[in-house]
Amino acid sequence: MKLIFLGPPGAGKGTLAARVVEILKVPHISTGAIFRSAIAEKSPLGLKVQAIIGGGGLVDDETTIALIRERLDREDARGGYILDGFPRTIPQAEALAAFSPVDRVVNFDIPDSAVLERLSGRRVCRNCGVNYHITFNKPKQEKVCDRCGGEVYTRDDDREEAVAKRLEVYRAQTAPLIGFYRDQGILVDVDARPAVEAVLAAFKQALHIRI
Ligand code: AMP
């Protein structure tokens with residue numbers, strides 16, 4: 014199954030994707046995570062996008078589309094995938110439709126107030142990318158990832174100034190994708206406010222997944 018997870022930053026797309034990949038056995042492809050590892054490696058891509066991401070803006074469509082196109086061409090994505098954080102603009106969605114049309118788009122519905130609460134407490138593993146929250150989902154040992162032992166830190170773009178900008182960018186550039194996919198009849202809405210288990214159950218029900 015080829016899926017897009019659509020929703021504002023902090024809606025829980027990455028957290029749910031980490032659960033769903035175990036069920037569907039498809040890769041979780043997060044453009045944000047790919048950009049963050051490029052930044053950590055100080056690769057040419059990383060150096061190019063670091064300031065943009067830190068400020069809460071969007072990387073240009075051409076760079077992002079080329080990156081995802083190359084990623085979806087790999088063997089492991091042939092049987093399906095979960096796209097988390099892509100597409101984020103109408104031109105990205107149009108490009109994707111031309112090279113890899115998806116089956117379903119899951120719209121994570123959540124108000125800004127809940128997003129702000131989640132992002133201000135979000136922490137992430139620098140090594141494997143798994144998400145934590147200082148109140149709702151703490152690592153067992155402070156600042157140490159339960160899964161891989163990596164360092165758990167606050168993303169630069171989860172700082173207050175960048176968060177406001179990211180929400181504004183989401184509403185202006187990404188939210189129009191809700192109508193774009195609804196018109197195609199492939200959008201399903203999931204209430205993203207509850208805890209992850211309930212969101213997972215709603216997701217499975219919306220997609221008729223019985224495992
Ligand atoms: P995320 O981890 O999805 O919140 O992404 C973190 C940041 O990476 C975003 O705020 C953007 O700066 C950049 N980014 C991720 N995906 C895209 C995309 N599809 N288009 C443009 N920029 C992106």
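Numbering of the sequence shown is given in the working numbering, commencing with residue 14 and proceeding in unit increments.
Every residue gets a Cβ at the ideal spot worked out from N, C-alpha and C, and that includes glycine.
All values derive from a computational prediction rather than experimental measurement.
- Here the C-alpha atom of A205 lies approximately 10 Å from the C-alpha atom of F216.
- For the options I52, A46, I191, the alpha carbon positioned closest to that of I81 is the one of A46.
- Within the same chain, Cβ atoms closer than 6 Å to the Cβ of R32 are found at L213, the five residues on either side in sequence being excluded.
- For V165 and C158, the gap between their C-alpha atoms comes out near 6 Å.
- In the assembly as shown, K26 is a buried residue. Its beta-carbon has 16 or more other beta-carbons within 10 Å.
- Cβ neighbours of I78 within its own chain (closer than 7 Å, five residues either side excluded): Q105, A108.
- By the C-beta density criterion, S43 is buried, having at least 16 other C-beta atoms within 10 angstroms.
- Less than 8 Å divides the Cβ of H146 from the Cβ of R136.
- When Cβ pairs closer than 8 Å are counted between the two stretches, the stretch 183–201 is seen not to touch the stretch 138–152, the count staying below three.
- D122 is not a Cβ neighbour of V182, given a cutoff of 8 Å.
- Close CB contacts of E174 within its chain, under the 6 Å cut and outside five residues either way in sequence, are absent.
- Taking 7 Å as the cut-off, one finds no heavy atom of ligand 1 near enough to the beta carbon of A177.
- Cβ neighbours of D170 within its own chain (closer than 7 Å, five residues either side excluded): I66, G67, G69, R179.
- With the criterion CB distance below 5 Å from any heavy atom of ligand 1, the matching residues run P22, T44, G45, F48, I66, L71, V72, T77, G98, F99, R101 along the chain.
- CA-CA distance, I95 to V39, rounds to 7 Å.
- Between the alpha carbons of Q197 and D74 lies a distance of about 22 Å.
- When the Cα atoms are used, L58 and D89 turn out to be separated by approximately 23 Å.
- Annotation for V72: V62, I65 place their beta carbon closer than 6 Å to its own, counting only its chain and skipping 5 residues before and after.
- Membership of I17 in the beta strand (DSSP E) is indicated by the continuous run 15–19.
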